[in-house]
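Asker:
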Amino acid sequence: MWRVEDGRWLRGRRPTTSARRWCVGRGGRRPRRLWPSGAGKVECRDAKTGNLLGGFDGATSWGQFHSTAVRQPGSDIAYLHTGSSNTVVAMDLVGCSQLWAKDTDGDIASHSSPALTDPAHGDPQLVTMTNSGVRGHDLSTGAELWKSPLGGGSGCGESGPAPLTSPAIWGTTAYVASRDGVIRAYDTGAADPSKPIWETKVGYQPGRTPVGCSGDLNSPAMHALVTKDLVYAGTRDGRLVVLDRATGKLQSEYNLGAAVTSALSVSGDYVFALTDDGTLHALAARHLRGNGH
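For the sequence shown, the residue numbers in our numbering are 274 to 566.
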């Protein structure tokens, strides 16, 4: 095994730095492992030896790299955010070089990764979510195809900004759980993709509404996950909410006792959620409670 820490290369130890890493397979060729270095640089290293293969500078700002790299199956081009989702870039995995970069106006609480749509016909879009809103991008150039400015603002009475997290994709529809406490669905193939096809407010648990605030209040939502029929998301006041994918209607919710702190995952009928009190939850769909279910 090997390790790279702050630009120093070491053998015989497991990686322990805090930067997020991605292992990207390239057909029958040896996989490359990608991660940002401490100086805001995206590096490519041989997954077996750790040898540096190349790299380029990313955006520099307050905050951390949180983005994972995404790509189409069989493609040698990957897409990722740099900085605190300040830019989205396309990179050539063969030469480990940047192909294009576009400003996505992130901030210190932007913890999102880009996501690729999966249309039955035609080219995919790249969808991003930062504090300035949701965008669709052309894959070949990064050009902004549409933008919805919704979802980036923080609610009243929150103790600092909630994290902004990645879109979830089913087909050509992007599902975004936003820190304004609204979960929205965007049809990227519509005549005007910037208009949500549905939006659902998550509200607050009884007794958890911030003191001194009034009006239409909703707990920040985060970490959307989509399956064939349902959309799942976490809330900052400690719930897992479950919506109908087609309509956005709330189907159920479960009190986890703390906010979801990383991406949700699903396997069969089970949803797994890690909360910021250090607890890993496994929930069976048939056991979710709330709203008469």
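Here a beta-carbon is modelled for each residue, glycine too, at the ideal position from N, C-alpha and C. Just so you know, these numbers come straight off a predicted model, no measurement behind them.
Does the distance from the CB of Thr401 to the CB of Ser421 come in under 8 Å?
Answerer: Taking the sequence shown and counting its residues from 1, the one referred to as residue 401 is at position 128. Taking the sequence shown and counting its residues from 1, the one referred to as residue 421 is at position 148. Contact: no.
Asker: Only counting runs of 3 or more residues, tell me where the beta strand (DSSP E) segments fall wholly within the stretch 458-523, in order along the chain.
Answerer: 471-474, 494-499, 503-508 and 512-517
Asker: Which residues bound the beta strand (DSSP E) around Ser421?
Answerer: Translated into the one-based positions of the sequence shown, residue 421 becomes position 148. Note, Ser421: beta strand (DSSP E), Glu417 to Ser421.
Asker: Tell me whether Gly565 sits in a helix, a strand or coil according to DSSP, three-state version.
Answerer: Within the sequence shown, numbered from 1, the residue matching residue 565 stands at position 292. Only weak support is given to the placement of Gly565: the predicted model assigns it a pLDDT of 44, under 50, and the value that follows is read from those uncertain coordinates. Coil.
Asker: Going straight from the alpha carbon of Gly551 to that of Ser535, what length do you get?
Answerer: Within the sequence shown, residue 551 is the residue found at index 278, counting from 1. Within the sequence shown, residue 535 is the residue found at index 262, counting from 1. Straight-line Cα distance between these residues: approximately 11 Å.
Asker: Should Met364 be labelled buried (16 or more other beta-carbon atoms within 10 Å of its own) or exposed?
Answerer: Position 91 of the sequence shown, counted from the first residue, corresponds to residue 364. Classification for Met364: buried.
Asker: Give me the DSSP bridge partner(s) of Ala546.
Answerer: By 1-based counting over the sequence shown, the position of residue 546 is 273. According to DSSP, Ala546 bridges with His554.
Asker: Please state if the CB of Ala441 and the CB of Ala532 are separated by a distance shorter than 8 Å.
Answerer: Here residue 532 corresponds to residue number 259 of the sequence shown, with the count starting at 1. Here residue 441 corresponds to residue number 168 of the sequence shown, with the count starting at 1. No. Outside cutoff.
Asker: From the DSSP output, in three-state form, read off Glu431 for me.
Answerer: Translated into the one-based positions of the sequence shown, residue 431 becomes position 158. Of the three classes helix, strand and coil, the one that applies to Glu431 here is coil, per DSSP.
Asker: Taking the straight line between their C-alpha atoms, what separation do you get for Gly300 and Thr461?
Answerer: As a position in the sequence shown, residue 300 is number 27, starting the count at 1. As a position in the sequence shown, residue 461 is number 188, starting the count at 1. Unreliable positioning characterises Gly300 in this predicted model, as indicated by a pLDDT of 48, which lies under 50. A coordinate reading is not provided.
Asker: Using the three-state DSSP reduction, which class does Phe338 fall into: helix, strand or coil?
Answerer: What you label residue 338 is simply residue 65 of the sequence shown in a count that begins at 1. Of the three classes helix, strand and coil, the one that applies to Phe338 here is coil, per DSSP.
Asker: So Asn491 and Lys474 are supposed to be a Cβ contact under 8 Å. How far apart are they, rounded?
Answerer: As a position in the sequence shown, residue 491 is number 218, starting the count at 1. As a position in the sequence shown, residue 474 is number 201, starting the count at 1. Indeed, because the Cβ distance is near 5 Å, the residues count as touching under 8 Å.
Asker: Just the C-alpha distance for Asp517 and Val499, rounded to the nearest angstrom, thanks.
Answerer: What you label residue 517 is simply residue 244 of the sequence shown in a count that begins at 1. What you label residue 499 is simply residue 226 of the sequence shown in a count that begins at 1. One C-alpha to the other measures close to 10 Å.
Asker: Taking only the alpha-carbon atoms, compute the straight-line gap between Ser405 and Thr360 and give it to the nearest angstrom.
Answerer: As a working mapping, residue 405 is identified with position 132 in the sequence shown. As a working mapping, residue 360 is identified with position 87 in the sequence shown. Straight-line Cα distance between these residues: approximately 12 Å.
Asker: Any idea if Cys296 is buried or exposed, counting beta-carbon neighbours within 10 angstroms, 16 or more meaning buried?
Answerer: Mapped onto the sequence shown, residue 296 falls at position 23. Low confidence applies to Cys296: its pLDDT is 49, below 50, so where it sits in the model is not reliable, and the reading given next is rough at best. Around the Cβ of Cys296, a 10 Å sphere holds fewer than 16 other Cβ atoms; the residue is exposed.
Asker: For Ala374, report the span of its beta strand (DSSP E) as first-last.
Answerer: Residue mapping note: residue 374 aligns to position 101 of the sequence shown, counting from 1. Per DSSP, Ala374 belongs to the beta strand (DSSP E) from Ser370 to Asp376.
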